[in-house]
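Student:
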Amino acid sequence: MHISMQNIHKAFGMNQVLTGVNFELKDGEVHALMGENGAGKSTMMNILTGLHTCDHGTILIDGKETYFKNPKEAEKNGITFIHQELNIWPDMTVLENLFIGKELKNSLGLLKLKEMRALAKKQFDRLAVSIPLDKEAGSCSVGEQQMIEIAKALMTNAKVIIMDEPTAALTEREISKLFEVIAALKQDGVSIVYISHRMEEIFAICDRITVMRDGKTVDTKRIPDTNFDEVVRKMVGRELTDRFPKRQSKPGELLLQVKGLTKKGVFQDVGFSVRSGEIVGVSGLMGAGRTEIMRAIFGLETVDSGEIWLNGKKVNIQSPDQAVKLGIGFITEDRKDEGLILDFSIKENMVLPTLRSFAPKGIIKEKSEKDFVEMLIKRLTVKTESADIAVGKLSGGNQQKVVIAKWVGIGPKVLILDEPTRGVDVGAKREIYQLMNELTERGVAIIMVSSELPEILGMSDRILVVHEGKITGELAKEEATQEKIMKLATGGQ
Amino acid sequence: MKGISEGAPVGKVNLVHTISQKLGPLLGLLILFVIVSVLNPSFLEPLNILNLLRQVAINALIAFGMTFVILTGGIDLSVGAILALSSSLMAGMIVSGVDPILAILIGCVLGALMGVVNGLLITKGKMAPFIATLATMTILRGLTLVYTEGNPITGLGDHYLFQLFGRGYFLGIPVPAVTMILTFVVLYILLHKTPFGRKTYAIGGNEKAALISGIKVPNVKVMIYALSGLLSALAGAILTSRLNSAQPTAGTSYELDAIAAVVLGGTSLSGGKGRIFGTLIGALIIGTLNNGLNLLGVSSFYQMVVKGIVIIIAVLLDRKKAA
Ligand SMILES: Nc1ncnc2c1ncn2[C@@H]1O[C@H](COP(=O)(O)OP(=O)(O)OP(=O)(O)O)[C@@H](O)[C@H]1O
Ligand SMILES: [Mg+2]
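As you go down the protein sequences, you meet chains U and V in turn.
Under the working numbering, the first sequence is numbered contiguously, ending at residue 493.
Under the working numbering, the second sequence is numbered contiguously, ending at residue 816.
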């Protein structure tokens, strides 16, 4: 299938989002789409698949002007979209999610469960995932949910698959499987639009790249004819120096200690410590239990045994409000479901953990609230016209910045970040790293769970590796390499 | 479904929409006013308007509490039963010699405690609000009948302040209406200007995110159901004073009128969205309908039909705006 989008314009209210976008997708190519957060990548693809209508512009599919009325129609015509924000029905099983709206029925209208299972199994095998089909989808990790979405898209037998940040929540193992699948799809003549902020991936699997900036397509090139630096320059409009900014701070005294934390069947005998001004990276494969350990520290999950010490004192954290009171912040991996209230404005989201401090006499002081939020918006360069816009209307990366801002705002002693740069562009990533550095200089202890190995290696003072609910190794910054981490993460094979 | 995909229209940011969202219920009320007063000019007589305000007060007070509950995504079916039981208890106390004003205060505290029970069942007992309050509604109704033995409690004496509470006037305005307006002002500030109000919306908007942000979700919920109980008891006090007696079956189906007022006021039953000003308007719409239809001599059977139809129209219009 050949797609050509020409001179596309789109505004949301007063917000002109796309101003003359051109995009061409050829038969059987993997075409990368890159651009800063809010550049308009998702919007452009939403226009192609009929979720939004463009204000003007032309869309040609195999040479014929085609405008889909809705995503369903696009899918019927062979274009499937794996969205950046996952669309999971949390109370339904994995199997039901895979076939939602496309259930297989026999002549009596009854579900053909056996066949559905077999089909699902086939897709999961192809992606090497082993999520039980009867598991409640809401209890799957974000990574697992992402794999469900990918499997669902593969089942549509599409001729064009749009993948919006498919790997943001995946670990190396799933990513390499996904890449194998993409290669196979390409062989079959399927075209793929691949949206990602991960430069390495783009250069590994894509044929061409289109760069967007501020609602315009800047350039389209063949991958062999370009390089990292050129792409970044085109994306941000300036030269970007070091990816991981240097840090001045030295780890100070012991701040957080976790001793023998155990939750049967989830994690066992987890013990580690973090010093003030230190960044401890936590690595591991999907489902290793990294997120669960962090949730337990934050009081979101009960444990069977174990102790947590803060500042040399044993603490008993039963619920998040106690954790927050002790100065612990937690940036969850799932921003849509746990990090943000999508209908709330940026302002209301950012001040949520600190509401009390804006109401010394019981009434919220709107002026100081506003100043505080303006400061955070500047600090994290959230791209928005106003602090009163609903968070749900921001681009994915900007939503992530709001979550981070919210927790930076409490002036934390310990900050736990679970996949902090999920869906964040290169420039903004660097800003987040810079911010983490500044926090450590103020003595904040940081725990960073991340699936992105370069990020773990680039930012951590120490790296913990989790495998099947146990910490299988601890590596100092100097000795850590991708290979060593992967070895520990897979249990030494 | 977990949510809409990124970039999906969450709602348009245009002025017309904002205005119609904020003024929709008010506009409805004005239209209703015009229609009723054209059909029967005596509707606009000051005496009738004051009367209308007095009639509205009880439903409005209950609906204010219901607004908080519904904003968190809950529902409180027990409000009418709380009204009945606390009204009986107040009357009982007065008859046995307790100072009427003290009796009202105690009655309100008891109403709040009944709300606390609702809150605990929902948070600690992890019951769905609908089920929990359905059960307490039945229990409290039963207890009222046990306590009163099914008979009205009369002989409340002629304590001046107590009688003023339901029947008196303050600067020419019925005291229940004054109580309603004062309560509205306090609750308006509570909902829109304090951390408590923000937390109420947050819980309805995304309970998980609220919890993770350090909000004590169970505590806030218990307080909200307590508030609902307190306001129901306050409404009960007004009713007791107005009738100068307690009726064991008082407040029957008041929960439905309260929910109707909240919904007519534009508050979403799924929580997180809505305003207490809307509820005030919603209660006035219902009051105007009752009053107007009475004036026009429409039978009470038809009145129910009309009220139901108005609710359906309001919700349909609201849906249209949101789309
Ligand atoms: N439904 C909407 N209503 C209003 N504005 C919107 C809506 N959807 C997107 N926008 C705005 O359009 C702009 C582009 O958003 P888009 O999601 O396309 O960015 P993106 O390139 O996908 O960014 P990211 O890398 O962060 O995902 C943003 O400024 C965003 O705020
Ligand atoms: Mg996007």
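Yeah, the Cβ is synthetic: ideal placement off N, Cα and C, and Gly gets one too.
Remember, it's a predicted structure, so these values are computed and weren't measured experimentally.
In chain order, what residues of the segment 321-337 of chain U put their CB closer than 8 Å to some CB of chain V?
Tutor: Asp321, Ala323, Val324, Lys325, Phe330, Thr332, Lys336 and Asp337
Student: From isoleucine 485 (chain U) to serine 283 (chain U), what does the alpha carbon distance come to, in whole angstroms?
Tutor: 7 Å
Student: Using only the alpha-carbon positions, how far apart do lysine 401 (chain U) and lysine 378 (chain U) sit?
Tutor: 11 Å
Student: Is the CB of proline 669 (chain V) under 8 Å away from at least one CB in chain U?
Tutor: no
Student: Please determine, among V:Val756, V:Leu777 and V:Phe557, the residue with the shortest C-alpha to C-alpha distance to leucine 523 (chain V).
Tutor: V:Leu777
Student: Which residue marks the beginning of the beta strand (DSSP E) containing threonine 472 (chain U), and which one marks its end?
Tutor: Note, threonine 472 (chain U): beta strand (DSSP E), 470-476.
Student: By alpha-carbon positions, which one of V:Phe663, V:Ala739 and V:Leu786 ends up nearest to alanine 584 (chain V)?
Tutor: Looking at the Cα atoms, V:Ala739 is the closest of the given residues.
Student: Can you list the alpha helix (DSSP H) stretches of 4 or more residues lying completely in the segment 570-609 of chain V, in chain order?
Tutor: 572-588
Student: On the three-pair Cβ rule with 8 Å, is the segment 241-250 of chain U touching the segment 280-299 of chain U?
Tutor: no
Student: For a contact meaning CB atoms closer than 8 Å, what does isoleucine 364 (chain U) contact in chain V?
Tutor: Lys686, Thr687, Pro688 and Arg691
Student: For phenylalanine 794 (chain V), count neighbouring Cβ atoms within 10 angstroms of its own Cβ and tell me buried if that reaches 16, exposed if not.
Tutor: exposed
Student: Please work out which residues of its chain come closer than 6 Å, Cβ to Cβ, to glycine 608 (chain V), disregarding the five sequence neighbours upstream and downstream, and give them in chain order.
Tutor: Result list for glycine 608 (chain V): Tyr718, Ala719, Ser721 and Gly722, in chain order.
Student: Can you check DSSP and say which residues form a bridge with serine 194 (chain U)?
Tutor: A small fix is needed here, since residue 194 (chain U) is tyrosine in this sequence, not serine. Answer is U:Ala32 and U:Met163.
Student: Are the C-beta of lysine 617 (chain V) and some C-beta of chain U separated by less than 8 Å?
Tutor: It does not: the Cβ of lysine 617 (chain V) has no partner Cβ on chain U nearer than 8 Å.
Student: Mind checking alanine 61 (chain U): buried by the 16 CB within 10 Å criterion, or exposed?
Tutor: The residue you asked about is not alanine; residue 61 (chain U) is isoleucine in the sequence shown. So isoleucine 61 (chain U) counts as buried.
Student: Isoleucine 705 (chain V) touches chain U at which residues, Cβ-Cβ below 8 Å?
Tutor: Phe298, Leu300, Pro320, Phe330, Thr332, Glu338 and Gly339
Student: Check this for me: beta carbons of alanine 285 (chain U) and arginine 422 (chain U), under 8 Å apart or not?
Tutor: Per the sequence shown, the amino acid found at residue 285 (chain U) is leucine instead of alanine. For leucine 285 (chain U) and arginine 422 (chain U), no; Cβs fall outside 8 Å.
Student: Can you give me the C-alpha to C-alpha distance between lysine 495 (chain V) and glycine 101 (chain U), rounded to a whole angstrom?
Tutor: Confidence at lysine 495 (chain V) is low in this model, with a pLDDT of 36, below 50, so the placement of that residue is unreliable and no value is reported for it.
Student: In the DSSP output, what is proline 90 (chain U) paired with across the bridge?
Tutor: The partner list for proline 90 (chain U) (beta bridge, DSSP) is empty, contrary to what the question assumes.
Student: What number of angstroms, rounded off, separates the C-alpha of glutamate 96 (chain U) from the C-alpha of serine 107 (chain U)?
Tutor: The straight-line gap from Cα to Cα measures roughly 20 Å.
Student: Would you say isoleucine 806 (chain V) reaches chain U, if we count a Cβ-Cβ gap shorter than 8 Å as a contact?
Tutor: no
Student: Thinking just about the alpha-carbon of each residue, which of U:Gly109, U:Pro251 and U:Asp188 is nearest to the one in alanine 502 (chain U)?
Tutor: This structure cannot speak to residue 502 (chain U), because chain U is shown only from 1 to 493.
Student: What's the C-alpha gap between isoleucine 88 (chain U) and glutamine 145 (chain U)?
Tutor: 7 Å
Student: I need the DSSP call for lysine 263 (chain U), collapsed to helix, strand or coil.
Tutor: strand
Student: Whose C-beta lies closer than 6 Å to the C-beta of proline 502 (chain V) among residues of the same chain, with five residues either side of it excluded?
Tutor: With a pLDDT of 38 at proline 502 (chain V), under the threshold of 50, the predicted position of this residue should be treated as unreliable, and no value is reported.
Student: Contact criterion: CB-CB distance below 8 Å. Does arginine 356 (chain U) meet it with respect to chain V?
Tutor: yes
Student: Going straight from the alpha carbon of glycine 504 (chain V) to that of leucine 254 (chain U), what length do you get?
Tutor: Low confidence applies to glycine 504 (chain V): its pLDDT is 39, below 50, so where it sits in the model is not reliable enough to give any reading.
Student: Going by the beta-carbon positions, is the gap between tyrosine 67 (chain U) and isoleucine 59 (chain U) smaller than 8 Å?
Tutor: yes
Student: Verify the CB distance criterion: does methionine 494 (chain V) have a CB-CB separation below 8 Å to chain U?
Tutor: Only weak support exists for where methionine 494 (chain V) lies, its pLDDT of 36 falling under 50; the coordinates are left without a value.
Student: On the premise that lysine 692 (chain V) lies in contact with valine 713 (chain V), defined as a C-beta separation below 8 Å, what is that separation, rounded to the nearest angstrom?
Tutor: Confirmed, Cβ separation roughly 5 Å.
Student: Short of 9 Å Cβ to Cβ, which residues in the segment 175-189 of chain U face chain V?
Tutor: Cβ contacts with chain V come from no residue of the segment 175-189 of chain U.
Student: With DSSP collapsed to three states, give me the class of methionine 494 (chain V).
Tutor: Confidence is the limiting factor: at methionine 494 (chain V) the pLDDT is only 36, short of 50, which leaves the residue's position unreliable and the question unanswerable from this model.
Student: Starting from lysine 709 (chain V), find everything on chain U with Cβ-Cβ shorter than 8 Å and list it in chain order.
Tutor: Ser319 and Asp321
Student: Of all the CB atoms in chain U, is at least one closer than 8 Å to the CB of lysine 766 (chain V)?
Tutor: Cβ-Cβ to chain U under 8 Å: yes for lysine 766 (chain V).
Student: DSSP state of glycine 504 (chain V), grouped into three classes?
Tutor: Below a pLDDT of 50, predicted positions are generally treated as unreliable, and glycine 504 (chain V), at 39, falls in that range; the measurement from the model is reported next regardless. Of the three classes helix, strand and coil, the one that applies to glycine 504 (chain V) here is coil, per DSSP.
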